[in-house]
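Protein chains in written order, with my numbering: chain A, 1 to 434; chain B, 435 to 613; chain C, 614 to 920.
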Amino acid sequence: MTLLLKDGRVVDPSRKADGTGDLLIENGKIAGSGGELRQTGKGREKKVPHGMEVLDLRGKIVVPGLIDMHTHLREPGFEYRETIASGSEAAVAGGFTSIACMPNTNPVNDNRSVTEFIRRKAAECGLANVYPIAAISLKSEGAFLSEFWDLKDAGAIGFSDDGRSVMNAALMRRALEYASSLDMPVIAHCEDRNLSAGGMMHEGFVSTEIGLPGIPAIAEEVMVARDILLAEYTGAHLHIAHVSTAGAVRLIREAKARGVRVTAETAPHYFTLTDEAVRTFDTATKVYPPLRGLEDRDAVREGLRDGTIDVIASDHAPHARTDKEVEFDYATSGITGLETSLALSLGLVEEGLLTLPELIEKMTVNAARILRIPKGTLADGADADVTIIDPQREWTVDRALFRSRGKNTPFHNWTLKGKAVLTIVGGEIRCRDC
Amino acid sequence: MEQKKVVMDAEGIDRSLTRIAYEILEKNKGVEELVLVGIRTRGVFLAERLRRKISGIEGKEVPLGILDITLYRDDLQTSHRKPRLGKTDIPFSLDGKKVVLVDDVLFTGRTIRAAMDCLIDFGRPKRIQLAVLIDRGHRELPIRADFVGKNLPSSLWEAVSVTLTEKDGMDEVVIEEHP
Amino acid sequence: MKLNRKDILGIQELSVEEINLILETADSFIEVSTREIKKVPTLRGKTVINLFYEASTRTRTSFEIAAKRLSADTINISAATSSVVKGETLIDTAKNLEAMNPDIIVIRHSAAGAPHMLAGILRQSVINAGDGAHEHPTQALLDMMTIRAKKGGIAGLKVAIVGDIAHSRVARSNIHGLTKMGAQVSVSGPATMIPRGIEKMGVVVHMSIEEAIRDADIIMMLRIQTERETQNIFPSLREYAQYFSLNRKNIGLARKDVLIMHPGPINRGVEISSDLADGPHSIILDQVTNGVAVRMALLYLLTGGTS
């Protein structure tokens, strides 16, 4: 299939490109871009080659296929919450062509067979590129390293015990060292589980007032500090997942200034919501890390602005109704994010916090570089993963319409601006007018 | 158009109460075992006045109780506004007593029904009598007053309101027609 | 005036006018409980369900007596006897109860927000009888009623609340209520029992009981929960009793006419010495008496007058 994307605003941070132009897709690859294509496609006298689809993208934005480097696809083991297929559908509906999925499935992705299973399932449904992240430790129990080399061979692109912080500093040190010899990132879920024990929400004035047990910011920060020190000591690449506190942003900023190989991500809910949202006891607001205070939210935004935080990832955590339609204490933590992530992130551009290229960089090439995957670019010859965004489209979030099985969102009924209208994966349109 | 007519002035009210006081004493042959129970709000003031008059005539104090019938009403679920609950205060036993219930206006009879239910929860009076300043008719229950200040035939579209100095600043009975 | 709400979930959302209405109505109900026949027909034909997911004797009995004195039918469901043990969710339990057409559901639950969840889905009025460490509105109302009755008012009084503020729904509801009504509230306990930012609720924090109760008109002692010992909230009951109990020694710091309150059940000799709990300053049993009246008032105000 040959596709000509005409007259869109092409934003490709990997090449520092931003301008109106065309993009040609042939045989699943980017076959050319820029002003010269304008001529080939423009003149009425020139016939459109047979089998070429031409899309008029005036007013639209053409970007490298978006990457969400932090999702939970729940398969194997929790298919009632999400499957690789439903998660992939949600991804392309949200404009994401590549997603990385965390290993906290059942069984845990701590061995080659689970990694291969995920890759095979993803290939079968053939929607988005799915990159498995394997567990740091066997069963993510924090005791023994999983087989990093074998997992890498099977297709894993990083290691994380997401959802279950590695409490043993010695194990974390070995994980960083071992991963560095494979040139792979260790993705840290930073939570001191002794400090967070029993907590339901951010510890602050709101938790004091409504009496829900708190999770202090320091539960995250002491672990961020520890892991930064370990990364500094080992020289390994540490990626810090879902940064949510002002202290964590500060620690990462300082570490980067010192030259530590640390990268970081945050999720849309951390730069959008605060712990005030929990006052209604809506379990859709229960998430780990918890929605933090206003000063934390603002620090996260500042971290995005000044580059301390490299990536926006949704931490897509679908849950079933039965997980969430219970008392706040008993509800599972997590927010379904793939289908709202882009629009919420575009809000940062609307507000002037980030330029559009800066935002797209955090949703494409930065994640690709951290995960060392050949994605996030519109360079000639690259895989034709492209997302077309209508920046003006206003839409109302309706969780019932989510492709994801997880309807757990605190953004239900929010009116957002900006939407992926076309998602192209490997040259094929996987979601049109999503 | 709204018409307002004064049907009883301060003197008229006072004369009626004096007569009722005598009638109560006559019917009950004195104050032996006699108690007055006023129904909130204006019945309480009328009962207090009757007590003073009886005391002036007989030289003896008659016990006075206060009844708030809100909790016994049959229209709590349907009425648009809920009356503010007042205190009931009957600091004596009603067993074997001759109770005179006092209220300002006797209309459907439902208030008196509620008051009697309430009284009976407090004990077993020998008899219950009813004194009202105005009887305006339109009974919905088989209830009649023993002592009446004034019979005031009225239509259902009219409102009869009693104002008393203790609460409203002046003594007056007014009949108003609502268009 | 009437209470324009379907549910009573917390003191935080009540206005001063609403609190006054409830307290005044409750004052009128005191008398009913002193009658020979302690029953009025007001809620005849109404059904009140007490849905208790947490052990309670005082509060549940109080609600039950209140409902019965108003002639309502009452059903008590406790977690141990309900389908909870069979794994039914709270929402399913509540919807099943709703299908049987009760009029008011009183719920106590260890999870903060559980009553709010029910209130959101049920037609019936929901009364929060205590949710986690969040609110216990009827306790605060009966406390305010008792203070008003004894002191003639609440505004301007110095109230000290002493104990595990962090884990206390009684403290939270009372802080909301008492500060709204114009009292000066101070709290005291070891720092592990004082939640972050509590000053923003309008209270003064004291690190010692002595500072907190100095010149106090009211001292409210909270029950110390022994299970907190294992969570390192405090090292031992012995030490707590030594440094944070109200006793004959420190009571002299308070005003001469100080009143001592406690939501119960009391740990005698831990947070309060037995002689003070039974002494002339104690109004602990008045609180219990008034609890019935406050709950009658709420049941009365929440039913009827709605159509």
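Each residue gets a CB set at the ideal place from its N, CA and C atoms; glycine is no exception.
Item to check | DSSP three-state assignment for residue 131(A), whether helix, strand or coil | outcome: strand
Next on the checklist: Distance cutoff 7 Å, beta carbons only. Does residue 802(C) sit that close to anything in chain A?
Outcome noted: no
Next on the checklist: I want to verify the contact list: residues of chain B whose CB lies under 7 Å from the CB of residue 661(C), in sequence order.
Outcome noted: Ordered by position in chain B, no residue passes the 7 Å Cβ test against residue 661(C), which lies about 15 Å from the chain.
Next on the checklist: Just to confirm before moving on: does the CB-CB distance between residue 833(C) and residue 874(C) stay below 7 Å?
Outcome noted: yes
Next on the checklist: For residue 703(C), would you say it is in contact with chain A, using Cβ-to-Cβ distances shorter than 7 Å as the test?
Outcome noted: yes
Checklist entry - chain B partners of residue 648(C), CB-CB under 8 Å? => result 555 and 556
Next on the checklist: Taking CB distances under 7 Å as the criterion, tell me whether residue 907(C) reaches chain B.
Outcome noted: no
Checklist entry - Sorted by chain position, which residues of the same chain lie with C-beta nearer than 8 Å to residue 859(C)'s C-beta, five sequence neighbours on each side aside? => result 775, 822, 826, 832, 834, 873, 884, 885, 886 and 889
Item to check | Sequence ranges, beta strand (DSSP E) only - wholly within the stretch 531-601 of chain B, length at least 3 | outcome: 532-540, 561-569, 581-585 and 592-597
Checklist entry - When burial is assigned at 16 or more other CB atoms within 10 Å of the CB, is residue 8(A) buried or exposed? => result buried
Checklist entry - Listing by chain order, which chain A residues have their CB less than 7 Å from the CB of residue 819(C)? => result Result: empty, since nearest Cβ-Cβ is about 17 Å, beyond 7 Å.
Next on the checklist: Below 8 Å on C-beta distance, what does residue 215(A) contact in chain C?
Outcome noted: Chain C residues near residue 215(A): none, gap ~12 Å exceeds 8 Å.
Item to check | Residue nearest to residue 239(A) in terms of C-alpha spacing, selected from 432(A), 180(A), 376(A) and 138(A) | outcome: Cα-wise, what sits closest to residue 239(A) is 180(A).
Item to check | Residue interval of the alpha helix (DSSP H) (run including residue 907(C)) | outcome: 897-915
Item to check | Neighbour list for residue 813(C) in chain A, Cβ cutoff strictly below 9 Å | outcome: 205, 208 and 209
Checklist entry - Contact check, residue 754(C) vs residue 907(C) under 8 Å by CB: the rounded distance? => result 5 Å
Checklist entry - Alpha carbon to alpha carbon, what distance is there between residue 119(A) and residue 45(A)? => result Residue placement at residue 45(A) cannot be trusted, given a pLDDT of 43 that sits under 50; what the coordinates show is reported in the next sentence. Taking the straight line from one Cα to the other gives about 46 Å.
Checklist entry - Between the beta-carbon of residue 399(A) and the beta-carbon of residue 415(A), is there less than 7 Å? => result no
Item to check | Local conformation of residue 79(A) per DSSP, three classes | outcome: coil
Next on the checklist: Helix, strand or coil for residue 739(C)? Go by DSSP, reduced to three states.
Outcome noted: Residue 739(C) falls in the strand class under three-state DSSP.
Checklist entry - Are the C-beta atoms of residue 506(B) and some chain C residue less than 7 Å apart? => result yes
Item to check | Test item: CB-CB of residue 360(A) and residue 63(A) under 7 Å | outcome: yes
Item to check | Distance, residue 792(C) Cα to residue 483(B) Cα | outcome: 43 Å
Next on the checklist: Under 8 Å: do the stretch 300-311 of chain A and the stretch 50-63 of chain A share three or more Cβ pairs, one atom per stretch?
Outcome noted: no
Checklist entry - Who pairs with residue 420(A) in a beta bridge, going by DSSP? => result 389(A)
Checklist entry - Helix, strand or coil: how does DSSP classify residue 801(C) here? => result strand
Checklist entry - Just how far apart, CA to CA, sit residue 688(C) and residue 669(C)? => result 15 Å
Item to check | Beta-carbon gap between residue 435(A) and residue 319(A) smaller than 7 Å | outcome: This structure gives no information on residue 435(A), because the portion of chain A shown stretches from 1 to 434.
Next on the checklist: So residue 523(B) contacts chain C; which residues on that side make the cut at Cβ distance below 8 Å?
Outcome noted: 644
Next on the checklist: In whole angstroms, give me the CA-to-CA distance for residue 870(C) and residue 764(C).
Outcome noted: 10 Å
Next on the checklist: Between residue 749(C) and chain A, is any beta-carbon pair separated by less than 7 Å?
Outcome noted: no
Checklist entry - Would residue 900(C) be called buried (16 or more neighbouring beta carbons within 10 Å of its own) or exposed? => result buried
Checklist entry - Do the stretch 599-607 of chain B and the stretch 720-735 of chain C touch if we need at least three Cβ pairs shorter than 8 Å? => result no
Checklist entry - Is the beta carbon of residue 72(A) less than 7 Å from the beta carbon of residue 331(A)? => result no
Item to check | Three-way DSSP call (helix, strand, coil) for residue 142(A) in this model | outcome: coil
Checklist entry - If you draw a straight line from the alpha carbon of residue 230(A) to that of residue 374(A), how long is it in whole angstroms? => result 28 Å
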